[in-house]
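In the UniProt record's numbering, the protein residues as written are 1 to 374.
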């Protein structure tokens with residue numbers, strides 16, 4: 001048998017995650033291998049702890065998908081069928097990182113006041129995981145769905161799940177971007193204009209040697225790069241091919257940092273300003289600049305995107321483009337609620353929303369003449 005101390009430790013920790021809301025109803029818990037590494041115990045210990053929690057009704061298993069946090073029985077009236085419970089599904093690329101907690105809080109603040117609970121799922125920007133999330137969500141009694149697309153710049157093989165939602169008349173709305181093949185209702189930023197605003201800002205500061213670093217497996221990054229290129233062309237500025245760096249999600253940790261460092265190591269020819277896909281990337285670039293002994297903004301001006309908490313988390317406060325995080329979450333929740341009511345009354349579908357970007361200027365950018373001064 002598993003060690004009682006270890007077995008109880010694992011079981012109570014998972015119970016605490018459920019009690020505090022770290023793991024929410026319908027959300028997948030860590031995999032068996034992840035739990036083994038996390039608690040440094042045997043597979044048998046993990047299986048015994050999880051098995052007991054399943055038996056107690058705190059967790060449930062889905063074949064081929066994993067183990068999930070169960071829905072509390074007290075949310076149901078005695079004798080009420082499961083289908084009568086009111087849930088909104090939310091699928092995002094990430095849940096606990098970056099801007100996503102703020103978006104989810106915006107959603108939750110509205111739907112809970114309407115008597116609904118959230119079922120959260122996370123794709124990690126992986127199409128296979130998106131399929132698992134959709135399969136799991138479709139097995140639950142959801143009244144509506146809010147989705148952030150996965151790898152939206154490529155063809156999505158999971159279209160059939162969205163067609164099933166339409167056949168079952170379950171309203172869904174996409175946030176941050178949408179799949180062009182479906183052209184669904186959506187709440188997005190004008191990312192092309194946002195990229196243009198960020199780039200025009202450093203051009204107006206007299207910078208002409210610009211580098212752009214953009215993620216291109218989602219349409220947000222593609223459009224931000226288009227805005228970058230448009231602003232440069234309008235200003236008559238040519239961008240060196242080696243100074244336009246693109247990457248995919250899986251390249252962020254090592255490959256993109258290596259390429260940025262390589263471009264900045266040339267003392268005789270380096271950019272004076274950089275526009276980044278988002279604040280998360282800009283903070284990583286800031287670390288590279290420190291390692292190379294380059295100062296921001298004295299040597300290089302740096303612009304992020306999203307106005308996340310990271311924009312003010314370091315001693316250099318980032319100039320960035322504002323993302324309507326809380327408002328987008330709130331608007332997505334309102335859209336779903338209106339769509340649910342429309343289905344009951346057969347009314348007009350709520351409209352999509354395109355948010356206007358806004359530049360937030362902080363201390364990471366400066367005029368070229370100031371930056372070049374000794």
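No residue lacks a Cβ here, since even glycine has one placed at the ideal position from N, Cα and C.
Computed from a prediction, not measured in an experiment: that's the story for all the values here.
{"query": "For the beta strand (DSSP E) holding residue 144, just list the boundary residues, first then last.", "result": "142–147"}
{"query": "Provide the residue span of the alpha helix (DSSP H) that contains residue 205, from first to last.", "result": "Run containing residue 205: none; DSSP gives neither H nor E here."}
{"query": "Counting beta carbon pairs with one atom in the segment 10–22 and one in the segment 50–59, are three or more of them shorter than 8 Å?", "result": "yes"}
{"query": "Determine the contact status of residue 362 and residue 317, defining contact as a CB-CB distance below 8 Å.", "result": "yes"}
{"query": "How is the alpha helix (DSSP H) around residue 262 delimited, first residue to last?", "result": "255–264"}
{"query": "Might you give, ordered along the chain, the residues of its own chain that have their beta carbon closer than 7 Å to the beta carbon of residue 115, omitting 5 neighbours on each side?", "result": "86"}
{"query": "Tell me the rounded alpha-carbon separation between residue 229 and residue 215.", "result": "14 Å"}
{"query": "Given this structure, state the Cα-to-Cα distance separating residue 197 from residue 227, to the nearest angstrom.", "result": "8 Å"}
{"query": "Does the distance from the C-beta atom of residue 213 to that of residue 283 stay below 8 Å?", "result": "no"}
{"query": "For residue 56, name the three-state secondary structure that DSSP assigns.", "result": "coil"}
{"query": "According to DSSP, is residue 371 part of a helix, a strand, or is it coil?", "result": "The predicted position of residue 371 is uncertain, since its pLDDT is 49 and thus under 50; a value taken from the coordinates is nonetheless stated next. In the structure shown, residue 371 sits in a helix (DSSP, three-state: H, G or I)."}
{"query": "Alpha carbon to alpha carbon, how far is residue 111 from residue 201? Give it in angstroms, no decimals.", "result": "38 Å"}
{"query": "Starting from residue 275, trace the beta strand (DSSP E) in both directions and tell me its first and last residue.", "result": "273–276"}
{"query": "Are the beta-carbon atoms of residue 187 and residue 175 separated by less than 8 Å?", "result": "yes"}
{"query": "For my contact list, residue 134 and residue 158 are in at a C-beta cut-off of 8 Å; report their separation, rounded to the angstrom.", "result": "6 Å"}
{"query": "Using only CA atoms, which one of 305, 101, 142, 271 lies nearest to residue 122?", "result": "101"}
{"query": "Under the DSSP definition of a beta bridge, which residues are partnered with residue 358?", "result": "322"}
{"query": "For the beta strand (DSSP E) holding residue 104, just list the boundary residues, first then last.", "result": "Segment 100–111 is the alpha helix (DSSP H) holding residue 104; no beta strand (DSSP E) there."}
{"query": "Within the same chain, show all residues whose beta-carbon is closer than 8 Å to that of residue 104, passing over the 5 residues directly before and after it, in chain order.", "result": "90, 92, 95, 118, 120, 329"}
{"query": "Can you tell me the Cα-Cα spacing of residue 49 and residue 280, whole angstroms?", "result": "36 Å"}
{"query": "Whole angstroms is fine: what's the gap from residue 273's alpha carbon to residue 190's?", "result": "23 Å"}
{"query": "Determine the extent of the beta strand (DSSP E) in which residue 118 is found, giving its start and end residues.", "result": "117–122"}
{"query": "What residue range is occupied by the uninterrupted beta strand (DSSP E) comprising residue 309?", "result": "Looking at the DSSP string, residue 309 is not in any beta strand (DSSP E), and its letter there is neither H nor E."}
{"query": "Are three or more beta carbon pairs between the segment 285–304 and the segment 318–325 nearer than 8 Å?", "result": "yes"}
{"query": "Given 8 Å as the limit, is there contact between the segment 330–344 and the segment 295–314, that is, 3 or more CB pairs closer than that?", "result": "no"}
{"query": "Can you have a look at residue 322 and say buried or exposed, based on whether 16 or more other CB atoms are within 10 angstroms of its CB?", "result": "buried"}
{"query": "From this set, 165, 302, 97, 139, which residue's C-alpha is nearest residue 309's C-alpha?", "result": "97"}
{"query": "Would you mind sorting residue 264 into buried or exposed? The rule is 16 or more other CB atoms within 10 Å of its CB.", "result": "buried"}
{"query": "Apart from the five residues just before and just after residue 184, which ones in its own chain have a Cβ nearer than 8 Å to its Cβ?", "result": "162, 172, 173, 174, 178"}
{"query": "Measuring CB to CB, does residue 205 end up less than 8 Å from residue 368?", "result": "yes"}
{"query": "Can you tell me which residues form a DSSP beta bridge with residue 88?", "result": "118, 144"}
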